[in-house]
Structures are given as structure tokens and as C-alpha cells.
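Residue numbers (UniProt numbering): 1 to 271. The beta-carbon is built from N, C-alpha and C at its ideal position, and this holds for glycine as well.
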Amino acid sequence: FMAGEKEKLARTFFLKKTTQFTTETESFKLQCFVDLAEIEGAPMIVGFPNIGITPVLTCSYLFDDLKLPFIGNVLLKMVPANAVVSHDGQPSRAIRIFGDKRLVVLCSEFKLKDDLINEFSTLLVQFQAKFNSVMIWCVEGVPVEKTDKIEREEMQFLTTCATMASKLQDGGHKVIQNAVIAGVSGGIIAEMVDSGADGNISVLLAPTSSFYPDAWASVMIIRLLDSLYDTWTSDTAKLEKNASSLEDTVKKLMSSNLQRSATKSYESMYM
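Have a look at this one:
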């Protein structure tokens, strides 16, 4: 076979994984396909659907851009089985884990039911302790009802780490106050508070449009995370291009709709 033919042939089958580590609760089983030493100490970012696309888009872009290997998944025992197939033909369970020494990404496009979030949060904190992750990052978008320019540089945050709090405040970001954080992010925060776990958690809330799928929130979060770590760097150029293109399209559509609406109102005055 020529090199190109071998490459094409390699893409016609997927790899089966051998479990190296497991931890589980009544409803969940987390399986890791690498020795935990291979991800020892890495920060972990978690992304599940909540309000908008920010958590899932941020995680998906990071594991793809950093070329993080697929290293594990989470089995939800009490629901019908399904498999998510990646762009390169590798199937896995819906909740997937990617990572190496630089960063661990745990994400899913499927939303967890509310009555399972507490138990899943317990599982996640147990996993963090097993590989001594320096930080769990939860990222969310905060909808802003604006059609013109959104102020994106300033984010809100919560963290258990004094050093990280100083860095984020020095960067112009504000502490979250008088708020309710729902979903998986809220569950993990509550678990970290109650469990007395040794690890740390930080939550980032980035402004995002409430009118359209807004990729700029993910761009800003990735830029911020990139600035906080020396072990990896992510090029957001492609994501920025997609975000700008989508934003321009939406603005044109909204402008067109406003013009039509104004024309109809004008015409109705003389009907």
C-alpha cells in the first residue's frame, strides 16, 4: 500500500478501548482508558448543555484544536444506550472524556436530567481527586438582550482558589453575587462546598446573545483560559471567523426584518 492508501484504510475502522480505571455511583460509571498518571494534575473543563451553546462549543473546540486524545467516557446505567460517532469515525458513549497532561475535557451534547445532577457531580469530584486535577472549570453563557455590540471583555466568576481569584480580578472580571447557578455547573459547585474535597473549582460566566447561537462567548473563555496556563495554547482564529460570520448574518436578517416591519407600518397608515 502507498502511504495515502494506508491512511484511507485506517479510517475505515474504529478502535476498541481497554479500561484502565473506573469509578462509579449507583447511576453512573466512569471509565478511563489510560493510566491516570498520563493526566496527573491536569486542569479539567466540563461542558454540558444549559442556556445556549457556550459550554458544549467551548469544550468541543478545545479538544479538537488541542488534538486531545479520547481517553474515557461515562456510562449512564439507567437510560437507553446510544453511541456518539466523532468526525473521524470513533464511536463512544454520550459523555466523553478527552485529555492528556495539558488539559482534560469532559463534555456531552445531551442534557442530564435534574434528578441525576447531584449524583453526577459526586462522581466528577471523585474523578478529580483520583488524578489530582489542579482545577475543575465550568463555563456558561449569560444571555444578554442586546442587538448591538455586547461588552464581552468582562466576565463573572466564582472560585475556591485565592490565587486564581486574584488573577481573574486583575484581568477585570467580577465575582458572581446574588445569583443562582443551575445545571451541572451548579451541582459541581455544591458538591465541592459540601464534600470537603481537596481540589479547586472555578466557574466562568461569559456574556452571550439571547437572540442567536453566539460563538463569541466561547472565544472569550478560551482566550482567558489560554492566558492562565503555560502548558497549552489554543488558536481561536477559526472560531472567531465562524462567530463573526454568524453575527454578520444575524444582523443582516434582523435589519431586513426591521426594514420590512417599518415599511408595513408606513403602508398601513395609508390603507
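Per-residue burial, Gln128 [other beta carbons within 10 Å of its own, 16 or more giving buried]:
buried
If I measure Cβ to Cβ from Leu68 and keep anything under 7 Å in the same chain, skipping five residues before and after, which residues do I get?
Phe98, Gly99, Asp100, Leu103 and Val105
Outcome for Gly172 when other beta-carbon atoms lying within 10 angstroms are tallied against a minimum of 16:
exposed
Distance, Cα to Cα, Cys161 vs Phe13?
Cα-Cα distance, rounded: 44 Å.
Pairwise C-alpha distance: Leu57 and Thr263
Here the model assigns Thr263 a pLDDT of 44, short of 50, so the residue's position is not dependable, and the following value carries that caveat. One C-alpha to the other measures close to 38 Å.
Would you grab the beta carbon distance between Ile117 and Val184 for me? Rounded to a whole angstrom, and I think it's under 8 Å.
That belief holds up - the Cβ atoms of Ile117 and Val184 are roughly 6 Å apart, short of 8 Å.
For Val46 versus Cys138, is the C-beta distance shorter than 7 Å?
yes
Give the DSSP bridge partners of Pro43, in chain order.
Partner(s): none; Pro43 has no beta bridge.
Considering only the beta carbon of each residue, do Thr122 and Thr23 sit closer than 7 Å?
no
Roughly how many angstroms separate the alpha carbons of Ala165 and Gln20, rounded to a whole number?
35 Å
Residues near Arg96 in its chain [Cβ-Cβ closer than 6 Å; skip 5 each side]
Scanning its chain for C-beta atoms nearer than 6 Å, with the 5 sequence neighbours on each side dropped, one finds around Arg96 the residues Asn73, in chain order.
Check whether Ser133 and Met192 have beta carbons under 7 Å apart:
no
Measure from the alpha carbon of Phe48 to the alpha carbon of each residue in Ile188, Asn200 and Leu239, then state which is nearest.
Ile188
Could you check the C-alpha separation between Ile222 and Ala81 for me, to the nearest Å?
32 Å
Which residue or residues does DSSP assign as beta-bridge partners of Ser195?
Answer by DSSP bridge pairing: none, since Ser195 is not bridged.
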